[in-house]
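Undergrad: Protein sequences, first through last, are from chains A and B. Take the first sequence: its letter number 22 is residue 88 in my numbering, and every next letter is one higher. Take the second sequence: its letter number 251 is residue 289 in my numbering, and every next letter is one higher. Ideal Cβ placement from N, Cα and C applies to all residues, glycine included.
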Amino acid sequence: MKIVIIDDEPLARGIVKEYLSSFAQVQVMAECGDGFEGVKAIAQYQPDLIFLDIQMPKINGFEMLELIDNPPAVIFTTAFDEYAMKAFEANAIDYLLKPFSKERFDKAVNKLLGQKNINLPAALNEEVGSPESQNRVVVKKGQNIFVLPVQRIHYFEAFDDYVKIYTTEGFYLKKKTMVYFEKTLDASQFVRVHRSYLLNLQELTRIEPMEKDNHVALLKSGARVPLSQTGYAKLKTVLGI
Amino acid sequence: MGWWLLWTALQFSLMIYYGISIRESWMDASVTSSILVLAGYVMITIVKYFKPSAKNAVAVLVSALTLAILTDGVLFSVLKMLPSSTEYLTWLDDTLLIRFIFIWMMIVIAAINGWLFFYIKEHQQTELREKENEKLMREAELSGLRQQFQPHFIFNSLNSISALAGTNPSLARKMIEQLSDFLRGTVKKESNLLVPLKDEFNHLQLYLDIEKVRFGHRLMAEVKGDDVALEMKLPSLLLQPILENAIKFGLYDTVGEVVISVAAKAEQNYLVVEIKNPFDPSSASPKPGTGFGLNSIQRRLSLLFYRNDLLTTQQDENTFTTTIKIPQR
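(1) What is the DSSP secondary structure of alanine 289 of chain A, reduced to helix, strand or coil?
(2) Who are the neighbours of arginine 252 of chain B on chain A, taking C-beta pairs under 7 Å?
(3) Can you grab the Cα-Cα spacing for the pair asparagine 127 of chain A / asparagine 346 of chain B, in whole Å?
(4) Hey, quick one: how far does the beta strand (DSSP E) through alanine 139 of chain A stretch, first residue to last?
(5) Run the CB neighbour count on glycine 152 of chain B, radius 10 Å, all protein chains shown included, and call it buried at 16 or more, exposed below.
(6) Around the C-beta of lysine 124 of chain A, are 16 or more other C-beta atoms found within 10 angstroms, so that it is buried, or is it exposed?
(7) Can you check whether the C-beta of threonine 351 of chain B is within less than 8 Å of a C-beta belonging to chain A?
(8) Is the Cβ of glycine 80 of chain A closer than 8 Å to any Cβ of chain B?
(9) Ignore the nearest five residues each way along the sequence and tell me which others in methionine 144 of chain B's own chain have a CB closer than 8 Å to its CB.
(10) Checking the sheet assignment: what are the DSSP bridge partners for threonine 351 of chain B?
(11) Shorter than 8 Å from the beta carbon of threonine 292 of chain B to some beta carbon of chain A?
(12) Cα separation between phenylalanine 343 of chain B and leucine 232 of chain B?
(13) Going along the chain, which residues of its own chain have a beta-carbon closer than 6 Å to the beta-carbon of alanine 203 of chain B, five neighbours each way excluded?
(14) Would you report the Cα separation of glutamate 165 of chain B and glutamate 172 of chain B, rounded to the nearest angstrom?
(15) Of all the CB atoms in chain B, is at least one closer than 8 Å to the CB of proline 224 of chain A?
(16) DSSP state of asparagine 266 of chain A, grouped into three classes?
(17) What residues from the segment 192-203 of chain B come within 7 Å of chain A, judged by C-beta to C-beta, listed N to C?
(18) Quick one: grab the DSSP three-state call for arginine 222 of chain B.
(19) Just the C-alpha distance for arginine 60 of chain B and lysine 159 of chain B, rounded to the nearest angstrom, thanks.
(20) Does DSSP put glutamine 93 of chain A in a helix, a strand or coil?
(21) Any Cβ of chain B within less than 8 Å of the Cβ of aspartate 100 of chain A?
(22) Looking only at its own chain, which residues have a Cβ that is under 6 Å from the Cβ of asparagine 176 of chain A, when we skip the five neighbours before and after it?
(23) Unbroken beta strand (DSSP E) runs of length 3 or more, entirely within the segment 68-120 of chain A: which are they?
(24) For glutamine 200 of chain A, which residues of its own chain have a beta-carbon under 7 Å away from its beta-carbon, when the five flanking residues on both sides are left out?
(25) So, for threonine 328 of chain B: in the same chain, excluding its five sequence neighbours on each side, which residues have a beta-carbon less than 7 Å away from its beta-carbon?
(26) So, with DSSP's three-state summary, where would you put phenylalanine 222 of chain A?
(27) Could you tell me which whole alpha helix (DSSP H) segments of length 4 or greater appear in the segment 243-282 of chain B?
(28) Could you tell me which chain A residues have their CB closer than 8 Å to the CB of threonine 205 of chain B, listed as they occur along the chain?
(29) Would you list, in chain order, the members of the segment 98-130 of chain A that have their beta-carbon closer than 8 Å to a beta-carbon of chain B?
(30) So, isoleucine 231 of chain A versus valine 203 of chain A, is the Cβ gap smaller than 8 Å?
(31) Does the count of Cβ pairs from the segment 90-103 of chain A and the segment 69-81 of chain A closer than 8 Å reach three?
(32) Classify asparagine 183 of chain A as helix, strand or coil using the three-state DSSP reduction.
(33) Candidates B:Ser122, B:Glu260, B:Thr83, B:Thr359: which alpha carbon is nearest valine 98 of chain B's?
(34) Please confirm if the segment 276-292 of chain A is in contact with the segment 235-243 of chain A, defined as three or more CB-CB distances below 8 Å between the two stretches.
(35) When the distance is taken between beta carbons, is serine 198 of chain B closer than 8 Å to methionine 213 of chain B?
(36) Nearest by alpha-carbon distance to threonine 205 of chain B: which of A:Arg258, A:Val82, A:Gly104, A:His220 is it?
Below is the structure:
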């Protein structure tokens with residue numbers, strides 16, 4: 067069984083490795099100090115199991131998982147995280163609260179070894195965002211990973227199973243739903259103006275009428291975002307007009 | 039007593055002026071004043087116990103009137119029993135009404151006086167209580183602000199110790215000692231205590247040493263201050279949350295090595311401490327450090343020094359600087 071350990075603290079990776087040494091059938095393929103290395107190592111080694119810390123540099127453990135198309139089984143290792151607790155329950159094999167004992171660790175690993183059909187974290191719980199998800203969105207374009215602060219996002223557009231995220235540099239794709247972004251982001255900044263559009267109010271310059279009763283929003287970038295009738299009404303309420 | 043003498047003298051002179059004999063004038067004046075003082079005292083006592091409000095001012099006037107009638111009656115019977123001339127007795131009868139009005143007025147004045155006195159006293163006490171209350175609340179808030187350090191830090195440190203226990207027991211033991219010293223430092227101090235900067239620096243060093251074990255080569259730190267600054271005072275445990283914030287930003291906002299610097303200097307009447315950490319302007323949120331760490335420091339400083347301008351932050355290129363000024367007394 068191939069394993070990758072992802073944690074920003076060397077000693078924390080060390081103890082996982084030490085505890086794993088009692089399992090004959092496992093092999094630690096890589097140790098990673100942050101999520102970027104993690105994404106690379108997972109692509110390279112296709113591990114069966116990863117040990118994943120939550121709080122890490124640049125992108126957290128959840129954000130890293132979002133970037134992987136077919137995530138392996140995950141055991142979270144974390145010190146304390148109230149948000150994480152909720153999220154694990156649905157998606158992870160197990161979670162270990164640091165510091166953890168050898169017995170507790172073995173129990174977590176044996177869960178995976180013992181059963182064949184386990185729930186792989188295909189997608190994280192839609193309703194639960196990590197604390198960082200209110201302020202930033204992590205996206206992948208080719209081999210590059212970008213951390214987008216939300217204020218740099220102009221608007222979101224629904225695109226089949228994906229959402230197109232528009233910024234000054236163009237758009238990024240992310241496998242999420244419009245509802246997810248509408249729920250996690252600050253409702254006073256991002257308004258769902260249309261079934262297919264979520265708009266950053268900071269980018270709005272003008273609202274123009276279109277034929278019939280429809281309206282369109284003009285953005286600083288020059289983009290035109292259509293407003294549905296309910297979306298137009300919602301926009302007027304938020305703007306106080 | 040002063041009042042008694044004043045009124046006795048006044049009435050005495052008045053009676054001499056009207057041609058009453060010295061002995062009778064003296065007798066009448068002293069008796070009247072004595073009874074008046076007594077009535078005034080009774081009135082003040084009534085006011086003291088019933089604490090009348092503006093609504094029952096009428097009740098006060100009525101009780102003053104009753105008291106005046108009573109006093110007048112007592113005064114007359116006393117004066118008539120005393121041996122005196124017919125001349126004096128006629129005069130006494132003539133002045134019945136004027137004496138009655140005078141006594142009533144005096145009693146009302148006593149009532150108002152008493153009421154004012156007790157009202158002001160009560161007001162002062164309330165004010166004092168409020169001040170006391172405010173002070174207690176401030177202290178509670180301060181200690182609350184002080185104690186909110188990250189549980190993350192403790193649990194992760196314990197995890198590092200657990201890892202070291204297998205591979206390097208003597209380092210594990212050393213880290214336990216450092217963590218204990220650090221925790222002892224955070225629990226024993228009072229919130230308003232001013233400590234010399236060098237003590238605070240020792241505490242910071244403990245914290246940094248533990249973090250260095252956790253993060254290995256990634257974290258580097260330098261803590262320095264000039265000799266004058268090291269002796270200057272600041273509220274205890276003020277810097278640690280700022281350092282915590284700086285480390286968090288440095289370590290979680292960038293990858294690779296992180297240098298945190300703490301520099302202190304004396305500047306006129308201020309101790310100025312600058313804490314610098316690297317950050318990534320492209321991914322940082324617009325106002326880094328407005329999270330819990332710095333807000334609580336801001337609040338604590340304004341509670342202690344009644345000023346909001348002691349904490350400032352600045353970002354240029356890849357460095358985030360937090361500057362804190364502590365007024366010296």
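TA: Let me spell this out:
(1) Working through the first sequence from its first residue, we reach residue 289 of chain A at position 223. Three-state result, alanine 289 of chain A: coil.
(2) Translated into the one-based positions of the second sequence, residue 252 of chain B becomes position 214. What arginine 252 of chain B touches in chain A: Glu75, Leu77.
(3) Start at 1 with the first residue of the first sequence, and residue 127 of chain A comes out as number 61. Start at 1 with the first residue of the second sequence, and residue 346 of chain B comes out as number 308. With the sequence shown as reference, residue 127 of chain A is identified as glycine, and asparagine is not the correct amino acid for it. Those two C-alpha atoms are separated by around 37 Å.
(4) Translated into positions along the first sequence, residue 139 of chain A becomes position 73. Run containing alanine 139 of chain A: 139-144, per the beta strand (DSSP E) assignment.
(5) The residue you call residue 152 of chain B lines up with position 114 of the second sequence. Classification of glycine 152 of chain B: buried, given that the 10 Å Cβ count is 16 or more.
(6) Position 58 of the first sequence holds residue 124 of chain A. By the neighbour-count rule (16 or more Cβ atoms within 10 Å), lysine 124 of chain A is buried.
(7) One-based indexing of the second sequence puts residue 351 of chain B at position 313. It does not: the Cβ of threonine 351 of chain B has no partner Cβ on chain A nearer than 8 Å.
(8) Here residue 80 of chain A is taken as the residue at index 14 of the first sequence, counted from 1. Closer than 8 Å to some Cβ of chain B, the Cβ of glycine 80 of chain A qualifies, so yes.
(9) Residue 144 of chain B sits at position 106 when you count from the first residue of the second sequence. By the criterion of a C-beta distance shorter than 8 Å, methionine 144 of chain B is surrounded in its chain by Leu74, Ala77, Gly78, once the five residues flanking it on both sides are discounted.
(10) Taking the second sequence and counting its residues from 1, the one referred to as residue 351 of chain B is at position 313. Looking at the DSSP assignment, threonine 351 of chain B forms a beta bridge with B:Thr360.
(11) As a working note, residue 292 of chain B is residue 254 in the second sequence. For threonine 292 of chain B, the answer is yes, since a Cβ of chain A falls inside 8 Å of its Cβ.
(12) Residue numbering aside, residue 343 of chain B sits at position 305 when the second sequence is read from its first letter. Residue numbering aside, residue 232 of chain B sits at position 194 when the second sequence is read from its first letter. Their Cα atoms are separated by approximately 12 Å.
(13) Position 165 of the second sequence, counted from the start, is the residue given in the question as residue 203 of chain B. Shown here for alanine 203 of chain B: same chain residues with a beta carbon closer than 6 Å to its own, the five before and five after excluded, namely Ala210 in chain order.
(14) Locating residue 165 of chain B in the second sequence gives position 127, where the first residue counts as 1. Locating residue 172 of chain B in the second sequence gives position 134, where the first residue counts as 1. Rounded to the nearest whole angstrom, the CA to CA distance from glutamate 165 of chain B to glutamate 172 of chain B is 11 Å.
(15) The residue given as residue 224 of chain A occupies position 158 in the first sequence. At residue 224 of chain A the sequence reads alanine, which differs from the proline that was named. For alanine 224 of chain A, not one C-beta of chain B is nearer than 8 Å to its own C-beta.
(16) Residue numbering aside, residue 266 of chain A sits at position 200 when the first sequence is read from its first letter. Asparagine 266 of chain A: strand per DSSP, three-state reduction.
(17) Only those residues of the segment 192-203 of chain B whose C-beta falls short of 7 Å from the nearest C-beta of chain A are listed: Phe193, Asn194, Leu196, Asn197, Ser198, Ser200, Ala201, Leu202.
(18) Here residue 222 of chain B corresponds to residue number 184 of the second sequence, with the count starting at 1. Looking at arginine 222 of chain B - three-state DSSP - the assignment turns out to be helix.
(19) Counted from its first residue, the second sequence places residue 60 of chain B at position 22. Counted from its first residue, the second sequence places residue 159 of chain B at position 121. With the sequence shown as reference, residue 60 of chain B is identified as isoleucine, and arginine is not the correct amino acid for it. Cα to Cα, the separation comes out at about 43 Å.
(20) To locate residue 93 of chain A, count along the first sequence from 1; it is residue 27. Strand.
(21) Taking the first sequence and counting its residues from 1, the one referred to as residue 100 of chain A is at position 34. For aspartate 100 of chain A, the answer is yes, since a Cβ of chain B falls inside 8 Å of its Cβ.
(22) In the first sequence, the residue the question calls residue 176 of chain A occupies position 110. None.
(23) Complete beta strand (DSSP E) runs here, min 3: 68-72, 93-98, 115-119.
(24) Position 134 of the first sequence, counted from the first residue, corresponds to residue 200 of chain A. Hits under 7 Å: Thr250, Leu251, Asp252.
(25) Here residue 328 of chain B corresponds to residue number 290 of the second sequence, with the count starting at 1. In this prediction, threonine 328 of chain B scores a pLDDT of 49, lower than 50, which makes its location untrustworthy; the coordinate-derived value is nonetheless stated afterwards. For threonine 328 of chain B, where only same-chain residues beyond five positions count, there are no Cβ hits under 7 Å.
(26) Residue mapping note: residue 222 of chain A aligns to position 156 of the first sequence, counting from 1. Secondary structure of phenylalanine 222 of chain A (DSSP, three-state): strand.
(27) Counting only runs of 4 or more, we get 265-269.
(28) Looking up residue 205 of chain B in the second sequence gives position 167. Under the 8 Å cutoff, chain A gives Gly80, Glu84.
(29) Only those residues of the segment 98-130 of chain A whose C-beta falls short of 8 Å from the nearest C-beta of chain B are listed: Gly99, Asp100, Phe102, Gln121, Met122, Pro123, Lys124.
(30) Translated into the one-based positions of the first sequence, residue 231 of chain A becomes position 165. Translated into the one-based positions of the first sequence, residue 203 of chain A becomes position 137. Yes, these two residues count as a Cβ contact at 8 Å.
(31) The segment 90-103 of chain A is in contact with the segment 69-81 of chain A.
(32) Indexing the first sequence from 1 puts residue 183 of chain A at position 117. Note on asparagine 183 of chain A: pLDDT 49, under 50, position unreliable in the model; no value is reported.
(33) As a working note, residue 98 of chain B is residue 60 in the second sequence. Looking at B:Ser122, B:Glu260, B:Thr83, B:Thr359, the one whose alpha-carbon comes closest to that of valine 98 of chain B is B:Thr83.
(34) Short answer: they don't touch.
(35) For the purposes of this step, residue 213 of chain B is taken as residue 175 along the second sequence, with counting starting at 1. For the purposes of this step, residue 198 of chain B is taken as residue 160 along the second sequence, with counting starting at 1. It is a contact, given that the beta carbons lie within the stated cut-off.
(36) Walking along the second sequence from the start, residue 205 of chain B turns up at place 167. The residue with the shortest Cα to Cα distance from threonine 205 of chain B is A:Val82.
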